[in-house]
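Residue numbers for the sequence shown follow this note's numbering, so the first one is 1 and each next one is one higher. Even for Gly, the Cβ is constructed at its ideal location relative to N, Cα and C. For reference, the structure discussed in these notes is given below.
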Amino acid sequence: MNRRLFMSLPSLALAPALFACTTNMSGSDAVAKRREIDAGVDGTMSKLFASASSAQALSQQAKGILVFPKILAAGFIVGAEYGEGSLRVANAPVGYYRTTTASFGFLAGAQSKALILMFMTDAALQAFQASSGWTAGVDGSVALATIGANGQIDTNTARAPIVGFVLTNAGLMANLSLEGTKISKLDI
């Protein structure tokens with residue numbers, strides 16, 4: 001019994017933080033939230049282009065770009081991630097989204113990262129927009145960008161329907177999985 005309680009305490013501790021992020025907002029609060037997200041998206045894209053110059057050329061070919069400027073991850077044994085972002089088509093916001101992920105294993109502490117998904121085909125973008133809740137690895141496969149020593153994106157990655165980038169304070173991350181990452185529309 002004590003072990004079960006010990007294992008569930010981190011989940012209970014994280015639940016209020018996640019639920020607090022899902023409350024409805026008044027009109028002026030929603031406008032302020034959209035502006036905050038948009039400013040974060042602009043900064044994240046600038047950081048991506050500085051980290052991988054070829055990402056800018058790839059972004060110009062993308063049919064849509066979904067950016068989560070700040071995904072917070074925290075946990076102890078049981079972990080959770082939460083972030084809010086914007087989908088841009090022709091560099092204009094067309095929708096706002098949240099991402100959540102749960103994880104289990106040897107986890108301790110908190111960290112932050114940014115996630116950028118570039119929809120390279122109309123079909124991939126339309127499938128994402130038509131979904132009521134989208135899960136990476138289930139509703140769409142995401143190819144994480146591989147950057148070569150020359151700073152260029154691997155050509156095989158660039159041909160994928162959805163190309164993903166993960167940024168931390170240290171720069172571009174590689175060798176991780178986005179499978180199980182859930183994305184749903186925000187009502188703001």
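Query, Result
"Rounded separation between residue 159 and residue 49 - CA only", "19 Å"
"Euclidean distance between Cα positions of residue 37 and residue 94", "13 Å"
"Host beta strand (DSSP E) of residue 180 (start-end)", "From DSSP, residue 180 is part of no beta strand (DSSP E); its letter is neither H nor E."
"C-alpha gap between residue 32 and residue 69, whole angstroms", "16 Å"
"First and last residue of the uninterrupted beta strand (DSSP E) at residue 89", "64-89"
"Nearest-angstrom Cβ-Cβ length linking residue 97 and residue 183, presumed shorter than 8 Å", "5 Å"
"Straight-line gap, residue 26 to residue 123 (C-alpha atoms, nearest Å)", "34 Å"
"Residue range of the alpha helix (DSSP H) that includes residue 44", "27-51"
"C-beta contact flag for residue 116 and residue 54 at 9 Å", "no"
"Close beta carbons around residue 144, own chain, < 6 Å, minus the five adjacent residues each side", "164"
"7 Å CB neighbourhood of residue 91 in its chain, flanking five on each side removed", "none"
"Residue 61 at chain D interface by Cβ criterion, 9 Å", "Among the protein chains of the structure shown there is no chain D, as only one such chain exists."
"Exposure label - residue 132; buried when at least 16 CB within 10 Å", "exposed"
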